[in-house]
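Novice: Just dropping this structure here.
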Amino acid sequence: MNASTTASQKIATRFAPSPSGLLHLGHAYSALFAQRLAASGEGRFVLRIEDIDPGRCKPEFEDAIVEDLAWLGLEWEEPFLRQSERLDVYANALTQLDKAGLLYPCFCTRSDIAAEIKQAGAAPHLGHHGPDGPLYPGTCKHLNESERAQRLADNQPHALRLDMDAAISAAGNLTWHDRTHGEQNAQPELFGDIVLARKDVATSYHLAVTVDDAAQGITLVTRGNDLFAATHIHRLLQALLDLEVPEWHHTVLLVNNKGKRLAKRDKAFTLRAMREAGTDPEDIWAMSIRQIARQAAATDGI
Ligand code: GLU
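Position one of the sequence shown corresponds to residue 44 (this note's numbering), numbered consecutively onward.
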């Protein structure tokens, strides 16, 4: 297993937006934060467009991201990486996990899963919740070999799930280090048998982000606190795929005036709106810091 990032390694950070909407002040904070850390260590800053979700991602949002980041004065290594062009790389990672006996096909629809959870209501080991919602009840894990083979032969649409128990046995106990929250024991079991390849696209956020952070040589993953728990999974996948282990820095999330995490509907916070209102891009970093200070003060009741 690879050791964690060594002190002699140059820092490499990344900004990895999904082109499903316009960037807002929270994104600007994340991107500038990552770039400033890289610059302070004379390191690398890379951009990755996370566009594996064909239903939500649009090329015009990718164009807008590139334009907004350039407006902010950011520079990244070219060419940047686009996940939709890397399905062959993710397929190799899936083959590696499959060869290790850690994947199984899942033919369930969302409603199959909901019905199974409801029906199993009384069974204490089923229907538990994880950080991303109810845990998969294991229906397809328990298919017998001939039924599984038949459904595959019939080309029934299926996802690929990680057999979490087998994966944890293979990887053993793992830890990871967050720069603000300290040393963490990895708890991937919280998520159950996660999907690593979706029915509609043969990868998933967890698989793609883990493979790509390693491929881009990222030594410090900076991202919002909403993805803190996902790191338990990423650490497990790194161990299973024998990838370099970075450090993490999960940052505070910017919220709107109602205390809700910034989202697409918060139009006034988009970089586009600020630019059109004549904001100087040099002021954006200070604006994000002021916003974080306001949030902290509100939390303290002033
Ligand atoms: N693409 C994710 C997002 O836009 C971020 C993924 C990450 O930083 O790991 O929310």
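All residues carry an ideal CB built from backbone N, CA and C; glycine is no exception.
As the structure is a computational prediction, the values presented were derived from the model and not from experiment.
Can you look up Gln199 in the DSSP assignment and give me helix, strand or coil?
Specialist: coil
Novice: Report buried or exposed for Ser212, applying the criterion of at least 16 other Cβ atoms within 10 angstroms of its Cβ.
Specialist: exposed
Novice: For my contact list, Gly260 and Ala55 are in at a C-beta cut-off of 8 Å; report their separation, rounded to the angstrom.
Specialist: Confirmed, Cβ separation roughly 5 Å.
Novice: Exposed or buried, which one is Ala46 when buried takes at least 16 other CB atoms within 10 Å?
Specialist: Here Ala46 scores only 48 on pLDDT, less than 50, and its place in the model is too uncertain to base an answer on.
Novice: Under the criterion of a Cβ to heavy atom distance below 7 Å, does Arg222 qualify as lining the ligand GLU?
Specialist: no
Novice: Measure the C-alpha to C-alpha separation of Ser127 and Thr274 and round it to an integer number of angstroms.
Specialist: 22 Å
Novice: Which ranges does the beta strand (DSSP E) cover as unbroken runs of at least 3 residues, wholly within the stretch 228–306, from first to last along the chain?
Specialist: Correct list: 238–240, 263–267 and 290–294.
Novice: Please classify Ala257: is it buried, with 16 or more other beta-carbons within 10 angstroms of its beta-carbon, or exposed?
Specialist: buried
Novice: Report whether the distance from the Cβ of Ala77 to the nearest heavy atom of the ligand GLU is below 7 Å.
Specialist: no
Novice: Let me know if His293 comes out buried or exposed under the rule of 16 or more other beta-carbons within 10 Å of its beta-carbon.
Specialist: With 16 or more other Cβ atoms within 10 Å, it is buried.
Novice: Since I believe Leu263 is in contact with Leu90 (beta carbons under 8 Å), could you give me their beta-carbon distance rounded to a whole number of angstroms?
Specialist: Not a contact, Cβ separation roughly 15 Å.
Novice: My guess is that Ala82 and Leu115 are in contact by the Cβ rule of under 8 Å, so how many angstroms apart are they, rounded?
Specialist: Not really, about 13 Å apart at Cβ, beyond 8 Å.
Novice: Does the distance between the C-beta of Leu270 and the nearest non-hydrogen atom of the ligand GLU fall short of 7 Å?
Specialist: yes
Novice: Look up Arg87 in the DSSP assignment and give the residues it is bridged to.
Specialist: Ala55
Novice: Please state the DSSP three-state secondary structure of Pro324.
Specialist: helix
Novice: Considering only the alpha carbon of each residue, which of Leu65, Phe150, Ala59 and Lys53 lies closest to Asp309?
Specialist: Leu65
Novice: For the stretch 118–198, list the alpha helix (DSSP H) runs that are entirely contained and at least 4 residues long, ordered along the chain.
Specialist: As far as the stretch 118–198 is concerned, its whole alpha helix (DSSP H) runs of at least 4 residues are 130–142, 153–162 and 188–196.
Novice: Report yes if the C-beta distance between Gly362 and Tyr147 is below 8 Å; otherwise report no.
Specialist: Past the edges of the chain, shown from 44 to 345, lies residue 362, and the structure says nothing about it.
Novice: What does a CB cutoff of less than 6 Å around Phe312 pick up in its chain, not counting 5 residues either side in sequence?
Specialist: His67, Leu68 and Leu305
Novice: Return the chain-ordered list of same chain residues with a C-beta closer than 6 Å to the C-beta of Glu93, the five sequence neighbours on each side being excluded.
Specialist: Ala59, Ser61 and Gln126
Novice: Out of Gly181, Arg57, Ser154 and Pro102, point me to the one whose CA is closest to Leu203's CA.
Specialist: Gly181
Novice: In this structure, how does DSSP classify Glu93 when only helix, strand and coil are distinguished?
Specialist: coil
Novice: Check each candidate in Asp96, Gly164 and Gly215 and name the one with the smallest Cα separation from Arg278.
Specialist: Gly215
Novice: According to the neighbour-count rule (16 or more other Cβ atoms, all chains shown, within 10 Å of its Cβ), is Glu105 buried or exposed?
Specialist: buried
Novice: Along the chain, where does the alpha helix (DSSP H) containing Thr106 start, and where does it finish?
Specialist: In the sequence as presented, Thr is not what sits at residue 106; that position holds Asp. In the DSSP assignment, Asp106 falls within the unbroken alpha helix (DSSP H) covering Pro102 to Trp114.
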